[in-house]
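The working numbering applies: residue -13 is where the sequence shown begins, and numbers increase by one.
These notes are about the structure you will find just below.
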Amino acid sequence: MKELDSTKYGLNKRIELCEVEPGKLGIVKIRKSRIIRKDAEQILDLVEKIRQSEPQSKIALICTKNICSKSIRLLDENDIEIIYTEG
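This is how it looks when you write it as structure tokens:
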């Protein structure tokens, strides 16, 4: 995976972005605490900003398996793939 400059997409420079494959961008959220629905809503805000710059790109969330079912459902409804990784 190739790291990308998040400021190019209008995001904070602390947001980790990578190119998973051509045409698919990944938002990296690796942390020990659980990703809850409020976090998923913030991720959707990031996705909106990315889609303004590159509307044709697919978006994925790269995270550990510490994610609640409501977050999974919300991301799935908004066509965001979840890629699980080891922290």
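Note that CB positions come from ideal geometry on N, CA and C, so glycine has one too.
Measuring only the C-alpha atoms, how far is residue i from residue j?
i	j	result
S43	Y70	20 Å
C54	L60	10 Å
G12	R20	18 Å
C49	E63	18 Å
E27	K15	13 Å
S(-8)	K35	10 Å
E72	Q38	30 Å
By alpha-carbon positions, which one of the options ends up nearest to residue i?
i	options	result
K137	N64, I58, L32	The displayed coordinates of the chain run from -13 to 73. Any statement about residue 137 would go beyond what the structure contains.
K56	E7, R23, E72	R23
Start and end of the beta strand (DSSP E) containing residue i?
i	result
I53	Unbroken run through I53: none, as it is neither H nor E.
K(-12)	-12 to -10
Could you pull the start and end residues of the alpha helix (DSSP H) that residue i belongs to?
i	result
L30	23 to 39
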